[in-house]
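The structure appears right after this line, and notes come after that.
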Amino acid sequence: MRSLISLAAAAAVSGIAATCAPAQSIETISVSPDGQTVLVGGTNRTVYALSAETLEVTDRRYVSELVRQIVHGVDGELVFFRDDADTLTAYKTADMSFAWKASDVDDMAYDPRAGAIAVLDQHYKDDSVSLLFAATGEQMARVAMGKIKSNLIALAPGADKALILTNYTKTDAEEKADEPDDLSKLQKADFKQLHDGYVSNVVTVDFGTGAFEMSETPYRVSYPKAVRMAGDKMMVLRTNMDSMMLAPDGTGALIDLGEDYFNYAGIDAKGETYILTKGVDLRFVPVAQDGPEGLLKGERLRGGPAEWITAMAEAPDGTLYFGTNAYRLLKVGPDRGKIEIVPVF
């Protein structure tokens with residue numbers, strides 16, 4: 031039975047920043063609120079628009095910087111691009127004309143309920159997080175945190191608070207110990223996190239008061255695939271045994287995804303199913319551990335290099351889209367019955 035492992039007391043667990051994809055790959059995907067248009071950004075600095083029904087490319091737009099993140103606004107009037115130049119640009123979807131932009135954006139998190147975007151500035155002197163009104167780009171709040179070496183951000187529903195995980199630092203406080211022989215793979219990963227001599231900080235930001243609190247955690251993260259809020263905790267999904275839940279007080283728990291290596295990890299919008307990928311095969315794992323897993327096998331690319339998933343997005347009706355390092359797009363309907371695959375060019 032899958033379980034959550036934690037040596038911290040009472041770490042209860044309740045039910046996206048994309049990392050850099052390899053050269054010549056799809057980096058980010060977003061689906062319009064009406065489910066009709068799929069936007070795909072890749073390392074060739076071209077943003078493609080595809081018909082969700084036919085998967086045909088209907089538009090191509092060259093962009094001057096590599097787009098790391100595309101997010102549609104909840105009303106469908108704006109779409110937001112975060113690029114390699116640390117710029118967040120809003121465009122009007124009707125004609126893709128410029129709406130507004132913000133600079134020094136190292137990471138972002140969008141809350142459709144509040145129509146707000148939290149932007150993280152990893153400044154070399156003073157890290158800060160700002161809350162922007164998505165419709166206009168107006169700054170509604172800004173919290174300066176000093177040089178905390180911020181890394182990841184998740185925005186709470188309603189956009190009143192955010193959780194930030196810092197980069198890890200070396201510490202002498204963690205007691206080095208030999209690993210017991212009778213541990214499972216997940217227990218070994220947890221033991222290593224607790225005894226590797228590195229710590230991070232979980233930072234709770236209150237946009238209403240402008241205050242923030244830091245709590246040290248023995249857990250650390252590199253190269254996450256998905257970051258989101260799950261209840262009052264930060265969920266971080268990775269492609270090995272180090273996926274985790276982190277609480278504001280720094281307590282943590284590793285998530286058992288059932289395998290110790292895959293190419294991509296995500297979760298559906300309802301927070302009910304983990305989606306794990308290996309090559310172009312897709313595994314669907316119930317978060318509540320209350321049902322069987324699902325498996326869909328995609329047709330592998332022939333005659334080329336190894337192919338794997340690099341990006342994922344979900345449409346309002348539950349349709350899933352995946353991008354690969356070979357510029358192919360996968361589509362899986364809400365019934366999870368089959369995979370459609372098309373090249374994007």
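Counting from 31, one number per residue, gives the positions in the sequence shown under the numbering used here.
Heads up, the beta-carbon is just placed ideally off N, CA and C, and yes, glycines get one too.
Item, Value
"If we count the other Cβ atoms within 10 Å of its Cβ and call it buried at 16 or more, is K191 buried or exposed?", "buried"
"Y294 to L267, Cα distance in whole Å?", "9 Å"
"Pick from T76, Y78, Y140 and K131: whose alpha carbon is nearest that of V101?", "Y140"
"G363 to Y228, Cα distance in whole Å?", "42 Å"
"Taking only three categories from DSSP, how would you classify Q152?", "coil"
"State the CB to CB distance for the pair D272 and A219, rounded to an integer number of angstroms; the pair is presumed to be in contact (CB under 8 Å).", "6 Å"
"Let's test the definition: count the other Cβ atoms within 10 Å of the Cβ of E370 and tell me whether it reaches 16, buried, or not, exposed.", "exposed"
"With contact counted as at least three CB pairs below 8 Å, one residue from each stretch, are the stretch 192-211 and the stretch 247-263 in contact?", "yes"
"I'd like the list of long-range same chain contacts for V374, defined as Cβ closer than 6 Å, with 5 residues on each side in sequence excluded.", "V70, Y78, Y357 and L359"
"Here's a check: name, in chain order, each residue in its chain whose Cβ is nearer than 6 Å to the Cβ of A241, leaving out the five neighbours to either side.", "none"
"Buried or exposed for E205, please, with buried defined as at least 16 other CB atoms from any protein chain shown within 10 angstroms of its CB.", "exposed"
"Short check: CB of T234 to CB of G282, under 8 Å?", "no"
"Specify the secondary structure class of D220 as computed by DSSP and reduced to three states.", "helix"
"Buried or exposed: K255, going by 16 or more other Cβ atoms within 10 Å of its Cβ?", "buried"
"Three or more C-beta pairs closer than 8 Å, one from the stretch 146-155 and one from the stretch 207-219: is that the case here?", "no"
"CB T58 to CB R98, shorter than 8 Å?", "yes"
"Name the residue from D125, P142, S127 and A120 whose alpha carbon lies nearest to the alpha carbon of S133.", "A120"
"Check the DSSP bridge columns for D116 and list the partner residues they point to.", "Note: D116 sits in no beta bridge, so no partner."
"I'd like the ranges of any alpha helix (DSSP H) spanning at least 4 consecutive residues and lying wholly in the stretch 179-250.", "215-225"
"Could you give the distance in angstroms between the alpha-carbon of L326 and the alpha-carbon of A174?", "46 Å"
"In angstroms with no decimal places, state the Cα-to-Cα distance between D279 and D290.", "27 Å"
"Using CA atoms only, rank isn't needed, just tell me which of V109, T84, A115 and D105 is closest to R75.", "A115"
"Less than 8 Å between the CB atoms is what I'm expecting for T88 and L96, so what's the real figure, rounded?", "That pair is no contact at about 22 Å."
"If you drop the 5 nearest sequence neighbours on each side, which residues of the same chain put their C-beta closer than 6 Å to that of L312?", "L326"
"Just tell me which of V315, A341, N231 and E168 has its CA closest to the CA of L182.", "N231"
"Does DSSP classify V372 as helix, strand or coil?", "strand"
"Tell me which residue opens and which closes the beta strand (DSSP E) that Y140 is part of.", "D137 to D141"
"Skipping 5 residues on each side, what residues in its chain have a beta carbon closer than 7 Å to that of Y92?", "R75 and T76"
"Which same chain residues, not among the five before or five after D157, have their C-beta less than 8 Å away from its C-beta?", "L150, D151, A174, M175, G176, K177, I178, K179 and S180"
"Pick out whichever of A82, V109, A186 and D286 has its Cα sitting closest to the Cα of V315.", "D286"
"For G188, count the other beta carbons within 10 Å of its own beta carbon; 16 or more makes it buried, fewer makes it exposed. Which is it?", "exposed"
"What residues in its chain sit with their C-beta under 8 Å from that of Q66, if we drop five residues either side in the sequence?", "S81, A82 and E83"
"Which residues bound the beta strand (DSSP E) around M342?", "I339 to E344"
"Rounding to the nearest angstrom, what Cα-Cα distance links A40 and G301 in this structure?", "Below a pLDDT of 50, predicted positions are generally treated as unreliable, and A40, at 23, falls in that range; no measurement from the model is reported."
"I need the DSSP call for L331, collapsed to helix, strand or coil.", "coil"
"Report the rounded CA-to-CA distance for Y198 versus D298, giving the unit in angstroms.", "28 Å"
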